[in-house]
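In the working numbering, the protein residues as written are 580 to 728. All residues carry an ideal CB built from backbone N, CA and C; glycine is no exception. Inspection log for the structure reproduced underneath, given as structure tokens.
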């Protein structure tokens, strides 16, 4: 699900926020996409916190979903500056989940993200199938004699 321009107050219905937020309740993984160094002079860590506040206010269970951080527009910085800025943001947030430096415009880092998301979802699918198999194995088979009782 793409939740474009989630703004403060979205959980209360500002903009199209509530519609978008309802949509992401069904997702298995949330990717937070923020500018690595916001052009408006803002702060990437503050933007992530604002997203988190809206998720929390709308449905606290959204904060329990796996969340990855994509720091976008890295093409506007040198590689070294982008890395330093990303590490600063990650440190400020105390972010421990996966994070990526990307440039949507230059298609830098996006393939890696796609591959990691696919691998993550594949693993979730394998885990779900394994759990189903385990549950089926644990269910006692019923023979015809017990069905007649």
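Query	Result
Proximal residues to residue 647 (C-beta, below 6 Å), its chain only, five neighbours per side dropped	610, 676 and 677
Any chain B beta carbon closer than 8 Å to residue 672	Among the protein chains of the structure shown there is no chain B, as only one such chain exists.
Segments of 4+ residues assigned as alpha helix (DSSP H) that fall wholly inside the stretch 650-696	658-672
In DSSP terms, what residue 602 is bridged to	Bridge partners of residue 602: none, in fact.
For residue 616, the three-state DSSP class (helix, strand or coil)	coil
Any 3 or more C-beta pairs closer than 8 Å across the stretch 627-643 and the stretch 659-667	no
Extent of the continuous alpha helix (DSSP H) to which residue 607 belongs	Taken as a continuous stretch (DSSP letters only), residue 607 belongs to no alpha helix (DSSP H), as it is neither H nor E.
Close beta carbons around residue 642, own chain, < 6 Å, minus the five adjacent residues each side	634 and 635
Cα-Cα separation, residue 645 to residue 661	24 Å
Nearest residue (CA-CA) to residue 600, options 711, 640, 669 and 710	640
Selection from 614, 627, 669 and 670 that minimises the alpha carbon distance to residue 655	614
Length of the line joining the Cα atoms of residue 687 and residue 708	34 Å
Alpha carbon of residue 570 to alpha carbon of residue 630, nearest angstrom	This structure cannot settle anything about residue 570, because the visible part of the chain is limited to 580 through 728.
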